[in-house]
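Trainee: Numbering (the numbering used here), first residue to last: 194 to 512. Just so it is clear, CB atoms sit at the ideal spot from N, CA and C, and this is done for glycine as well. Okay, here's the structure, questions in a sec.
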Amino acid sequence: MPSPRTSNRAKASGSIALNDALLRRWALPVPGTDGDKEDRGRVLVVGGSHQMPGAVILAAIAALRAGAGKLTIATAARVAPMVAQAVCESRVIGLAETGSGSFTRASARSLPDDSSAVLIGPGMEGDARNCAFVAAVLERLRGAKVVLDAGAMDVIGALPPRLIKARSGVVNRAASSSSPMLLTPHAGELAHLSGSDKSRILDDPEAAVLDAARRWNAVVALKGAITFIGAPDGSLWRHEGGNIGLATSGSGDVLSGLITGCAARGATIEQATAWGVALHAHAGSALAARVGTLGYLARDLAGEVPTIMQALMRKPRRS
């Protein structure tokens, strides 16, 4: 189904509320009953480090919980065996590291180039060598939908304009408004990436997210108590929900994994982002009701998602 886009009138007055009714009208692609795991898409999660190996684990499991069919994780060589044991459903690739723990640019050549959706960044430091690595990955993966998270977003400042333009419209050629790249900053990260003041972003998040989307020709999800999703064509959504319990270590990794899993299934980046944000918030609400608002763990979120997703995909009965 086409994206519920912001009308011209809505653009002038604000954003579209991202709620359950909208999601039901914008349902995720569902594989046929005679399909196989290839029909559910291939996910590649790239990131982690010897200090933060758990980030790729959280993101990868979330991608599978969102319905993706095949999974590959690429992470630091020294922690790859541990990651493989933690996510036994995944193929795991060990990436060559520099002495400081960054990934070498040459290690990008070891990544598969047939992924449906690629998440780059969980647990990755945003230094110059990792930026060079991410740029090499983007050059290699032009046919995939890409989610940039955490330290991988720093590549935006160093990314050649030709590469940004080359990524536009690659994935969904029939839908010219779709962008194959997503950035997932919170206000502090967006301030760092854009050179703007964090206070200005918080004062007018709608303008900030749309400016970033147009500037980088990417969908941008500005995370916070209210999450704003902006697209380069000016479409804008907002999601209000979840709870303070979601503000915990690893929660953002789960969110990026959910989005990537939805994208692998065939959703556009905008659609996958909308669903990922909503599923993440719903999972937090379910855990708050059962466990308590504070104290549930990021690792608990993904397990809530399949039931919530199935309920949202089910059309309500008419009375």
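In terms of residues, what are the limits of the alpha helix (DSSP H) holding Phe326?
Mentor: 321-333
Trainee: Please identify the residue among Ala405, Thr441, Gly381 whose C-alpha is closest to the C-alpha of Ala424.
Mentor: Ala405
Trainee: Taking only runs of the alpha helix (DSSP H) that begin and end inside the segment 399-463, which ones reach a length of at least 4 residues, in chain order?
Mentor: 444-457
Trainee: Under 8 Å: do the segment 498-507 and the segment 376-393 share three or more Cβ pairs, one atom per stretch?
Mentor: no
Trainee: Taking all protein chains shown into account, do 16 or more other C-beta atoms lie within 10 angstroms of the C-beta of Leu487, making it buried, or fewer, making it exposed?
Mentor: Classification of Leu487: exposed, given that the 10 Å Cβ count is below 16.
Trainee: Excluding sequence positions up to five away, which residues of its chain have a Cβ less than 7 Å from the Cβ of Ala210?
Mentor: Arg431
Trainee: Hey, how far is the Cα of Gly344 from the Cα of Asp320?
Mentor: Taking the straight line joining both Cα atoms gives about 8 Å.
Trainee: In whole angstroms, give me the CA-to-CA distance for Val413 and Arg271.
Mentor: In a straight line, the C-alpha of Val413 is about 32 Å away from that of Arg271.
Trainee: Under a three-way DSSP split, which group does Ala259 fall into?
Mentor: coil
Trainee: If we ignore side chains and look at the alpha-carbon of each, how far apart do Ile437 and Asp396 end up?
Mentor: 21 Å
Trainee: Can you check which of these residues, Ala289, Gly477, Ser428, is closest to Arg492 by C-alpha distance?
Mentor: Of the candidates Ala289, Gly477, Ser428, the one whose C-alpha sits nearest the C-alpha of Arg492 is Gly477.
Trainee: Can you round the beta-carbon distance between Ala514 and Thr453 to whole angstroms, since I take them to be within the 8 Å contact cut?
Mentor: Nothing can be reported for residue 514, as the shown portion of the chain is limited to 194 through 512.
Trainee: How close, in whole Å, do the beta carbons of Pro246 and Val276 come, if the pair is a contact with beta carbons under 8 Å?
Mentor: Contact check for Pro246 and Val276: beta-carbon distance about 6 Å, within the 8 Å limit, so the pair qualifies.
Trainee: Should Pro315 be labelled buried (16 or more other beta-carbon atoms within 10 Å of its own) or exposed?
Mentor: With 16 or more other Cβ atoms within 10 Å, it is buried.
Trainee: Please name the residue, chosen from Leu490, Gly485, Trp468, that lies closest to Arg218 on a Cα-to-Cα basis.
Mentor: When Leu490, Gly485, Trp468 are compared, the shortest CA-CA separation from Arg218 is found for Trp468.
Trainee: State yes or no: is the C-beta of Gly252 within less than 8 Å of the C-beta of Val470?
Mentor: Note on residue identity: the sequence assigns Ala, not Gly, to residue 252. In this structure, Ala252 sits away from Val470, with a CB-CB distance that is not shorter than 8 Å.
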